[in-house]
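Participant: Numbering (the numbering used here), first residue to last: 73 to 283.
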Amino acid sequence: MDKLQPVIKHHFWICLGLAVIFTMVGWMSANGAISDAIKADQDKVKAAEGKTTAGQDAPNQTWIDGAAAMNKKDEEALKSSSLELYKRQIHARVWHSSVHEVMKDIMFGASIDESIPPRYNFTKGVIRSKWGRNYEKRFEEILDVVQPFDRKDGSGLVLVTPRAIDASLFGSWQKKSPLSTEIWDAQEDLWLRHSILKSIADVNEKKGAQK
Numbered sequence: 073m074d075k076l077q078p079v080i081k082h083h084f085w086i087c088l089g090l091a092v093i094f095t096m097v098g099w100m101s102a103n104g105a106i107s108d109a110i111k112a113d114q115d116k117v118k119a120a121e122g123k124t125t126a127g128q129d130a131p132n133q134t135w136i137d138g139a140a141a142m143n144k145k146d147e148e149a150l151k152s153s154s155l156e157l158y159k160r161q162i163h164a165r166v167w168h169s170s171v172h173e174v175m176k177d178i179m180f181g182a183s184i185d186e187s188i189p190p191r192y193n194f195t196k197g198v199i200r201s202k203w204g205r206n207y208e209k210r211f212e213e214i215l216d217v218v219q220p221f222d223r224k225d226g227s228g229l230v231l232v233t234p235r236a237i238d239a240s241l242f243g244s245w246q247k248k249s250p251l252s253t254e255i256w257d258a259q260e261d262l263w264l265r266h267s268i269l270k271s272i273a274d275v276n277e278k279k280g281a282q283k
């Protein structure tokens, strides 16, 4: 019993020391378990990243097939719309008489020299040259649609100013044949002007306009 006296006397400090030791041991054990768990999770994330990187360049065939189907559908819709628009506008696409028969069936925007039917056997550039030489005449034909007022004899209904219509390129086209792109751009402008003037003429006719 006497041997236990020192233990009994200092039991508080002994218990405190043991408590600290147990706490440290428990903390270290728990900390080690947490560290192991964290490392395991990190390894899983890294493994997942590796799989993602490995497959990032692999094509998604389902998506590719779906996109291809949508593109094909859009192309068909565009062709259908373009054809319908062409049919509605064909009556307004009138060329100058010098090139009308050759140009009437050529697709808008196409290379003229390459699209002329072989049966005409024209030298390259001939049609473009003819169109350029008759560009100014086509302007005059368009203005005639509204019956322009003639100051000299008082005939006509609508006062127009031919100089207000830009034909600045006409002079250069007398020396050098216009390009296909220039012809299509200028011809489209002529068709638009013709449609506008035709609308004016139709309104005047319905209203019984007189000079």
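Glycine included, every Cβ here is placed at the ideal spot set by N, Cα and C.
Can you check which of these residues, Gly226, Glu254, Val166, Ala139, is closest to Ser201 by C-alpha distance?
Facilitator: Comparing Cα-Cα distances from Ser201 to each of Gly226, Glu254, Val166, Ala139, the minimum goes to Glu254.
Participant: Label Leu215 either buried or exposed according to how many other C-beta atoms from any shown protein chain fall within 10 Å of its C-beta, with 16 as the threshold for buried.
Facilitator: Buried, by the Cβ-count rule.
Participant: Just to check, is the beta-carbon of Ile199 closer than 8 Å to a non-hydrogen atom of the ligand SAH?
Facilitator: By its list of ligands, the structure shown contains no ligand whatsoever, and the ligand SAH lies outside what it can speak to.
Participant: Provide the residue(s) that pair with Pro250 in DSSP beta bridges, ordered along the chain.
Facilitator: DSSP, once it has assigned bridges, lists no residue as partnering Pro250.
Participant: Going by C-alpha to C-alpha distance, which of Ile268, Ala119, Gly138 sits closest to Val218?
Facilitator: Val218 has its Cα closest to that of Ile268, out of Ile268, Ala119, Gly138.
Participant: Could you compute how far the alpha carbon of Met142 sits from the alpha carbon of Met179?
Facilitator: Answer to the nearest angstrom: the Cα atoms are 26 Å apart.
Participant: Whose C-beta lies closer than 8 Å to the C-beta of Lys196 among residues of the same chain, with five residues either side of it excluded?
Facilitator: Counting only Cβ-Cβ distances below 8 Å, and skipping sequence neighbours, we find Asp185.
Participant: Here's the rule: buried if 16 or more other CB atoms are within 10 angstroms of the residue's CB, otherwise exposed. What is Trp167?
Facilitator: Flag for Trp167 reads buried.
Participant: With distances taken from CA atoms, which of Phe194, Asp274, Phe211, Arg223 is nearest Ala258?
Facilitator: The shortest C-alpha separation from Ala258 is found at Phe211.
Participant: Nearest-angstrom Cα distance between Glu213 and Met175?
Facilitator: Computed Cα separation, rounded: 18 Å.
Participant: Can you give me the start and stop residues for the alpha helix (DSSP H) that Arg165 sits inside?
Facilitator: Element bounds for Arg165: n/a, residue is neither H nor E.
Participant: Pick helix, strand or coil for Val275, following the three-state DSSP scheme.
Facilitator: It is helical.
Participant: Quick one: what does DSSP say Val171 is sitting in, helix, strand or coil?
Facilitator: Coil, per DSSP.
Participant: Can you tell me whether Ile136 is buried or exposed? The criterion is at least 16 other CB atoms within 10 Å of its CB, across all chains shown.
Facilitator: Its Cβ having fewer than 16 others within 10 Å, Ile136 is exposed.
Participant: Roughly how many angstroms separate the alpha carbons of Ser170 and Pro190, rounded to a whole number?
Facilitator: Roughly 18 Å separates the two Cα atoms.
Participant: Quick check: what's the CA-CA separation for Asn193 versus Lys145?
Facilitator: Each residue's Cα considered, the two are about 39 Å apart.
Participant: Where do the N-terminal and C-terminal ends of the alpha helix (DSSP H) with Ile199 fall, by residue?
Facilitator: First-last of the alpha helix (DSSP H) with Ile199: 198-205.
Participant: What residue range is occupied by the uninterrupted alpha helix (DSSP H) comprising Asp222?
Facilitator: Where Asp222 is concerned, there is no enclosing alpha helix (DSSP H), given that its DSSP letter is neither H nor E.
Participant: Quick check on this structure: which residue in Glu277, Lys151, Lys248, His266 has the alpha carbon closest to the alpha carbon of Arg205?
Facilitator: The candidate whose alpha carbon is nearest that of Arg205 is Lys248.
Participant: In this structure, how does DSSP classify Val217 when only helix, strand and coil are distinguished?
Facilitator: Coil at Val217, not helix or strand.
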